[in-house]
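First the structure, in the form of structure tokens, and then the observations on it.
Number of protein chains: 2
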Amino acid sequence: MTDSYQAMSSAERAAELDRIRAEHERFRSLGLALDMTRGKPCPAQLDLSNGLLTCVGPDEVAAAGGDVRNYGGLDGIPDAKKLFADFLGVQPEEVMVGGNSSQTVMHDSILRAWLFGVPGGDGPWGRSERVRFLCPSPGYDRHFAICEHLGIEMTAVAMDGDGPRMDEVESLVSSDASIKGMWCVPRYSNPTGITYSDEVVDRLANMAAAADFRIYWDNAYAVHHLTDNPQPLKNLLDACKTAGNPERALMFGSTSKVTFAGAGVAAMAASRVNIADQLSHLGIQSIGPDKVNQLRHVRFFGDLAGIEAHMKRHAEIIRPKFGAVSGAFERQLAATGVATLSQPNGGYFFSLDCLDGTAARTVELAAEAGVKLTPAGATYPNGDDPNDRNLRLAPTLPDQAEIEQAMDVICTSVKLACLEKLAG
Amino acid sequence: MTDSYQAMSSAERAAELDRIRAEHERFRSLGLALDMTRGKPCPAQLDLSNGLLTCVGPDEVAAAGGDVRNYGGLDGIPDAKKLFADFLGVQPEEVMVGGNSSQTVMHDSILRAWLFGVPGGDGPWGRSERVRFLCPSPGYDRHFAICEHLGIEMTAVAMDGDGPRMDEVESLVSSDASIKGMWCVPRYSNPTGITYSDEVVDRLANMAAAADFRIYWDNAYAVHHLTDNPQPLKNLLDACKTAGNPERALMFGSTSKVTFAGAGVAAMAASRVNIADQLSHLGIQSIGPDKVNQLRHVRFFGDLAGIEAHMKRHAEIIRPKFGAVSGAFERQLAATGVATLSQPNGGYFFSLDCLDGTAARTVELAAEAGVKLTPAGATYPNGDDPNDRNLRLAPTLPDQAEIEQAMDVICTSVKLACLEKLAG
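As they're listed, the protein sequences go chains A and B. Quick note, in this note's numbering, the first sequence goes up one by one and the last residue is 424. Quick note, in this note's numbering, the second sequence goes up one by one and the last residue is 848.
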């Protein structure tokens with residue numbers, strides 16, 4: 001059993017370094033090629049939705065009314081609006097249902113604010129001298145990439161166990177009108193796995209902020225539970241309405257990790273004012289979304305209960321994979337005292353914090369031993385983790401044996417990077 | 425038989441006005457509700473592609489390789505790239521295949537130029553004091569709407585029988601570097617129905633222009649022939665390469681009016697440099713398109729010959745509808761000498777030129793008699809037809825009897841507006 005590295009004598013640590021280095025050398029010799037980077041569902045998960053492929057034929061099209069094959073329906077078919085309204089906890093009038101990518105819906109909504117401004121704002125964000133977003137970190141690299149691409153300054157905010165550190169958020173937002181937005185993954189946050197507490201949601205809704213400040217509420221894992229009694233998540237739009245800031249909340253969801261990652265349906269929920277604003281721009285960009293695919297989802301699930309039942313089958317597939325990650329950590333790393341692993345009750349990721357200054361080296365060592373990890377820093381704005389500490393692990397795509405093998409390599413790499421550092 | 429209105433005496437015209445007014449009054453009393461505005465396929469056309477709904481099940485997914493259900497494949501699946509390369513007459517490396525809307529692909533490509541510039545340009549168009557697009561007119565209102573939305577100035581250019589009036593185009597483009605773009609519907613142009621001659625294509629490719637000048641080549645009706653021996657269209661990208669301006673051509677196509685208007689597949693073709701530039705931005709906006717729907721199209725058609733055979737079945741359905749429009753015009757309007765009708769050999773529209781100053785009144789009179797027409801001016805930039813002359817007729821969606829009834833109303837409305845005008 002490994003002991004705490006900090007508590008070891010220099011001699012003990014030197015011996016441990018030799019031992020772990022040999023272990024790492026042994027892994028290198030195996031010629032592994034494993035990948036723990038991708039938050040992608042595995043084939044067995046995708047198979048759960050194969051019924052989607054053929055559940056809409058000519059009869060279903062005819063029964064649906066309107067003609068889902070033809071142009072039109074900019075905000076989605078009524079049945080899909082109803083389904084996503086339930087999914088996101090809003091009224092159908094507060095929803096627009098789009099194409100296959102919530103990333104596109106988020107990106108495009110920010111571009112519209114950039115070019116045209118938002119309701120209640122004072123013009124295009126892009127005309128301001130400075131535009132800042134708050135980025136609870138570690139967070140999601142594709143969110144940060146949108147900001148980076150547009151030249152939006154990002155300010156990292158620490159994540160606590162119940163959400164972003166709100167004292168910090170409130171202080172920043174209330175004192176700087178150039179802060180126009182904030183990214184949030186409120187449930188099973190990517191990658192920390194935490195779910196925002198009611199208090200955090202209320203503080204986000206109530207805090208003083210610029211009139212055109214918007215919270216980009218990416219509820220990507222709204223129904224992606226690994227337990228039977230998930231922690232409730234307070235509805236941000238409701239809270240913002242109660243707080244008198246109804247325009248603050250822009251909420252996003254999709255079936256990308258419910259049905260098919262690349263061929264699901266994405267939606268946005270917000271106040272009617274915000275939805276009308278989005279549609280006024282969307283109507284220039286498109287005649288309407290793929291309504292046939294929306295109908296497929298409506299037929300396949302029926303209602304929110306159908307989605308929830310479906311997600312239990314996902315959980316059955318991926319729960320053992322999450323267990324393999326936790327188990328390996330407990331057996332191989334916990335006692336060293338130099339790393340902590342998140343304990344997600346849902347979502348797609350683990351967050352692994354190593355000894356400060358060793359994350360990049362850990363990724364390098366793992367790569368040498370044939371295990372691909374998300375680049376260190378990716379979970380921070382501009383790819384810069386100031387502590388060089390955080391790693392994101394994605395266990396859904398590889399199979400069970402691959403995860404176990406990859407975790408052996410990862411634990412060894414964490415230990416080796418740490419021991420090198422401590423010997424340094 | 426009606427005679428030429430211009431040749432009539434005042435008394436004859438007064439009598440004709442009384443007669444036509446009574447005819448119009450009779451139509452008003454019928455309580456019609458017909459719509460000739462929408463360039464939408466009719467249900468029988470959509471039915472041709474019902475096989476698309478179920479042609480991809482789990483077996484086809486498995487056979488396709490990769491996993492079309494999962495994330496990735498930003499530029500489309502290889503088989504779809506091949507199909508659209510043939511469709512647009514380019515190499516697969518010169519194609520990106522996207523989602524359901526070519527309008528979105530065009531819109532987004534202009535937004536990227538606006539925000540980030542284009543290869544070989546000197547920065548974002550949006551930072552220039554002035555950005556102009558040439559708009560061959562009459563043209564497509566949704567093209568013009570994109571420009572209007574962004575604040576791009578539009579300059580109408582006259583359309584001749586073989587394309588835009590090139591003397592005018594060359595003179596404008598060569599003398600003003602603020603002209604960054606030009607809209608073209610090169611085959612069965614919306615709404616005039618003309619196809620660009622080889623000479624026009626060559627002149628577009630060769631003319632002197634700003635380095636970041638781009639031609640938005642919306643080949644929306646690439647395969648939408650009504651005759652068996654369609655006029656060939658020279659490939660713009662080839663011509664631009666030959667002319668040493670390979671970056672000038674951005675070509676767009678889709679299956680919106682081939683399979684399902686709302687659930688087809690859209691693609692862009694351009695030089696590799698331009699495609700790489702597009703993908704560098706698209707990767708921020710999306711993880712990838714709906715590849716399952718791309719696979720459906722690949723399976724449904726097989727190859728370009730499959731698309732061409734399919735389009736012959738479309739032609740069989742809509743040819744009589746086009747004939748009904750032409751026939752009514754010949755019987756009721758041609759002899760008056762106050763209106764001319766286009767003679768499209770493909771596409772989705774007729775262009776009807778009335779006596780100057782009577783188009784808006786014609787739309788009003790038709791509406792009073794229960795026939796909805798596209799607003800006068802819609803075919804010109806900013807909705808402003810300087811001659812108040814042009815009307816667009818869309819005959820695909822209504823059924824045969826409706827078209828015939830609508831054309832009776834339209835011909836009467838054209839005549840009435842004209843006679844009112846001549847009566848002063």
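Quick reminder that beta carbons are idealized off the backbone N, C-alpha and C, glycines included. Keep in mind that this is a model prediction, so the values were computed, not measured.
Query raised in the report: Within 8 Å (strictly less), CB to CB, does asparagine 494(B) reach chain A?
Result: yes
Query raised in the report: In angstroms, rounded to a whole number, what distance separates the CA positions of valine 787(B) and phenylalanine 774(B)?
Result: Cα to Cα, valine 787(B) sits roughly 15 Å from phenylalanine 774(B).
**Report entry** Minimum length 3: unbroken beta strand (DSSP E) runs contained in the region 168-194 of chain A
**Finding:** 179-184
Query - Proximity below 8 Å, CB of alanine 646(B) to CB of glycine 617(B) - result: With respect to glycine 617(B), alanine 646(B) sits apart: the two C-beta atoms are not nearer than 8 Å.
Query raised in the report: According to a CB-to-CB cut-off of less than 7 Å, which residues of the region 790-806 of chain B neighbour chain A?
Result: Correct list: empty, as no residue qualifies.
Query raised in the report: Smallest Cα separation from phenylalanine 746(B): which of Lys658(B), Ala763(B), Thr651(B)?
Result: Distance check between phenylalanine 746(B) and each of Lys658(B), Ala763(B), Thr651(B) places Thr651(B) closest, using alpha-carbon atoms only.
**Report entry** Residue from Leu416(A), Ala406(A), Ser137(A), Ala177(A) with nearest C-alpha to methionine 166(A)
**Finding:** Ser137(A)
Requested in this report: Would you mind working out which of Gln45(A), Tyr188(A), Asp141(A) sits nearest methionine 311(A), comparing C-alpha positions?
Outcome: Taking only the C-alpha atoms, the option nearest methionine 311(A) is Gln45(A).
Query raised in the report: What's the call for leucine 279(A), buried or exposed, on a 16-neighbour Cβ count within 10 Å?
Result: Sixteen is the threshold: since fewer than 16 other Cβ atoms of the shown chains lie within 10 Å of the Cβ of leucine 279(A), the residue is exposed.
Query raised in the report: With a CB to CB cut of under 6 Å and the five nearest residues on each side skipped, what residues in its chain are close to alanine 690(B)?
Result: Gly522, Ser525, Ser526, Val529, Ser678
Query raised in the report: Taking C-alpha atoms, which residue in Arg361(A), Thr374(A), Ala158(A), Ser197(A) lies nearest to lysine 421(A)?
Result: Arg361(A)
**Report entry** Beta-carbon proximity of phenylalanine 451(B) to valine 697(B), cut-off 8 Å
**Finding:** no
Report task. With distances taken Cα to Cα, identify the nearest neighbour of leucine 397(A) among Glu23(A), Glu25(A), Leu34(A), Asp3(A). Result -> Leu34(A)
Query raised in the report: Leaving out the 5 sequence neighbours to the left and right, which residues in its chain are closer than 6 Å to serine 695(B) when beta-carbon positions are compared?
Result: Result list for serine 695(B): Pro670, Glu671, in chain order.
Report task. Could you tell me which of Leu477(B), Gly463(B), Gly496(B) sits nearest to glycine 771(B), measuring between CA atoms? Result -> Comparing alpha-carbon positions, the option among Leu477(B), Gly463(B), Gly496(B) lying closest to glycine 771(B) turns out to be Gly463(B).
Report task. Look at the alpha carbon of alanine 359(A) and the alpha carbon of alanine 663(B), and state the distance between them as a whole number of angstroms. Result -> 52 Å
Query raised in the report: Do you know how far the Cα of methionine 251(A) is from the Cα of proline 713(B)?
Result: 22 Å
Report task. Can you tell me the Cβ-Cβ gap for proline 465(B) and lysine 681(B), rounded? I've got them flagged as a contact below 8 Å. Result -> Contact holds; Cβ gap of about 6 Å.
**Report entry** Distance between beta carbons of alanine 685(B) and arginine 69(A), contact taken as under 8 Å
**Finding:** 7 Å
Query raised in the report: Do you know offhand how far serine 171(A)'s Cα is from aspartate 277(A)'s?
Result: 29 Å
Report task. Would you mind telling me which residues of chain B sit closer than 8 Å to phenylalanine 260(A), beta carbon to beta carbon, in chain order? Result -> Against phenylalanine 260(A), the close residues of chain B are Arg493, Asn494, Val716, in the order they occur along the chain (beta-carbon pairs closer than 8 Å).
Query raised in the report: From the beta carbon of valine 56(A), is the nearest beta carbon of chain B less than 8 Å away?
Result: The Cβ of valine 56(A) sits closer than 8 Å to at least one Cβ of chain B.
Query raised in the report: If we ignore side chains and look at the alpha-carbon of each, how far apart do glutamine 655(B) and histidine 314(A) end up?
Result: 54 Å
**Report entry** Neighbouring residues, chain A, relative to isoleucine 834(B) (Cβ below 8 Å)
**Finding:** Chain A residues near isoleucine 834(B): none, gap ~23 Å exceeds 8 Å.
Query raised in the report: Going by other Cβ atoms of all chains shown within 10 Å of its Cβ, with 16 needed for buried, is valine 298(A) buried or exposed?
Result: buried
**Report entry** Classification of arginine 556(B) by the beta-carbon crowding that lies within 10 angstroms, buried from 16 upward
**Finding:** buried
Report task. Can you pull the chain D residues whose beta carbon is under 7 Å from the beta carbon of lysine 464(B), in chain order? Result -> Looking at the structure shown, chain D is missing, and the protein chains on hand are A and B.
Query raised in the report: Does DSSP put glutamate 247(A) in a helix, in a strand, or in coil?
Result: helix
**Report entry** For phenylalanine 116(A), the residue or residues it bridges with in DSSP
**Finding:** Paired residues: none, contrary to the question.
Query raised in the report: Taking the C-alpha atoms as reference points, what is the distance between glutamine 430(B) and leucine 840(B)?
Result: 14 Å
Query raised in the report: Are aspartate 218(A) and histidine 281(A) closer than 8 Å when you measure CB to CB?
Result: Taking 8 Å as the Cβ cut-off, aspartate 218(A) and histidine 281(A) do not qualify as a contacting pair.
Query raised in the report: Using a C-beta to C-beta distance shorter than 9 Å, which residues of chain A count as neighbours of asparagine 474(B)?
Result: Gly57, Pro58, Val61, Arg69, listed in chain order.
**Report entry** is_contact[alanine 33(A), chain B] using C-beta, thresh 8 Å
**Finding:** Output row for alanine 33(A): interface = no.
Query raised in the report: Cβ of serine 775(B) less than 8 Å from any chain A Cβ?
Result: Not a single CB atom of chain A sits nearer than 8 Å to the CB of serine 775(B).
**Report entry** DSSP three-state assignment for histidine 648(B), whether helix, strand or coil
**Finding:** If DSSP states are grouped into helix, strand and coil, histidine 648(B) belongs with coil.
Query raised in the report: How should glutamate 517(B) be labelled, buried or exposed, when 16 other C-beta atoms within 10 angstroms of its C-beta is the threshold for buried?
Result: exposed
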